[in-house]
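To keep things clear, I will list the structure first and then write my remarks on it.
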Amino acid sequence: MRNLFPIFLILLFSYPVYGIKNKISANWQFFLGEERQATNPLYDDSHWRTLNLPHDWAFENGYYIDGAQTARGGYASGGIGWYRRYFDVDIDSMKDKSMFIDFDGVYMNSEVWVNGKYLGKFPYGYMSFSYDITSCVKDGQNVIAVRVDNSKEPSARWYHGCGIYGNVYLRTESCAYFVPSSIFIRTPKADGQVMIDGDIKLDKYAGDYKLNVFITDASGKTVADAESFTGLKEGNNKFKLQIKVNNPLLWDTEN
């Protein structure tokens, strides 16, 4: 077994490509119940409750003998809830960039709209997910609407929260970026060889790119680095890299 090294990947095409991720977990509007009109950007949600995420309305409501989750979920509640959140965009700063909304976790059957445009439904409640909202945003104020449906209970063999129980982020990427959760790092043998593969998304500007890799130790010192030149086409591109760490610090149960 060996020590785990932080690995940094940088994609270059005449300029560094970095994503910007901003947490937007504060100041959401919440309504417990059904309200289909909430998808309309002009809907008046001033009478809704203002809260910060993460949020779990089942926990807030407590437990009672006829709770919708029954004995499986400790007699907690279910139901339908709506969330709305406003955010501003400077459209001039979005040239050659894409914007995404990332959810750490929503239980469950969530549906998302941005400025009234339907983005999709994510039924599973225990995974993170994202939507590309580049085509939905406009200059100035924008609004996200999220419907969470836990009306069919019990839906698990144990207690589960109801609502947006994780943080939410707005992520801005340049025209070339690493696809989230696509990078895999393997060390088949304890000889210092590190194998890295993943996906790069290119929205425009096909051509030659340089991929830089830095591996650092626990103190932040670079212990290995490499670069690779690769041609990328618009769309999804796969890459593979191999890098050698000399004299890797191995670990055991005592160290």
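Sequential numbering of the sequence shown, starting at 917, is according to our numbering.
Cβ coordinates follow ideal geometry from the N, Cα and C atoms, glycine included.
Annotation: the segment 1032 to 1107 contains no complete segment of the alpha helix (DSSP H) (minimum length 4 residues). Here DSSP, grouped into helix, strand and coil, assigns SER993 to coil. Shown here, TRP973 sits in a helix according to DSSP, grouped into three states. Between the segment 1075 to 1091 and the segment 1019 to 1031, the count of Cβ pairs shorter than 8 Å is three or higher; the stretches touch. The DSSP-derived three-state label of ILE1007 is helix. For the pair of segments examined, the segment 1044 to 1063 was found to touch the segment 1080 to 1100: the number of CB pairs separated by less than 8 Å reaches three. Here the C-alpha atom of SER1067 lies approximately 31 Å from the C-alpha atom of ASN938. Shown here, ALA1134 sits in coil according to DSSP, grouped into three states, outside any helix or strand. Our two residues, ALA1106 and LEU1166, have alpha carbons roughly 8 Å apart in a direct line. The C-alpha of ASP1124 is placed about 14 Å away from the C-alpha of LYS1154.
In the DSSP annotation of this structure, MET1024 is not part of any beta strand (DSSP E), being labelled neither H nor E. Your pair GLY949 and ILE981 does not check out as a contact, with CB atoms roughly 22 Å apart and the cut at 8 Å. In the three-state DSSP reduction, GLN985 falls in the coil class, being neither helix nor strand.
Distance from the Cα of GLU1069 is smallest, within the candidate group GLY994, GLU951, THR1146 and HIS971, for GLY994.
VAL1005 places its beta carbon 9 Å or farther from that of ASN968. Sequence-distant partners of GLU1089 (beyond 5 residues in either direction) whose C-beta falls short of 6 Å from its own C-beta, in its chain, are GLY935 and SER1014. Here ASN968 is not bridged, per DSSP, to any residue. Going by DSSP, ILE1159 is part of the beta strand (DSSP E) stretching over 1151 to 1160.
Assigned with DSSP and collapsed to three states, ALA954 falls in helix. Sequence-distant Cβ neighbours of SER1071 in its own chain, meaning closer than 7 Å and more than five residues away, are MET1024.
Comparing alpha-carbon positions, the option among TYR1121, ILE1017 and TYR991 lying closest to PHE1003 turns out to be ILE1017.
Non-local C-beta neighbours of ARG1102 in its own chain, meaning closer than 6 Å and more than five positions away in sequence, comprise MET1111, ordered along the chain.
Within the model, the alpha-carbon separation for TYR991 versus VAL1064 is close to 19 Å.
Here ASP1133 is not near ILE1159, since their CB atoms are 9 Å or more apart. Taking all protein chains shown into account, ILE1131 has 16 or more neighbouring C-beta atoms within 10 Å of its C-beta and is therefore buried. In summary, LYS1011 is exposed, with fewer than 16 beta-carbon neighbours lying within 10 Å of its beta-carbon over all protein chains present. Here ASP1115 is near ASN1152, since their CB atoms are less than 9 Å apart.
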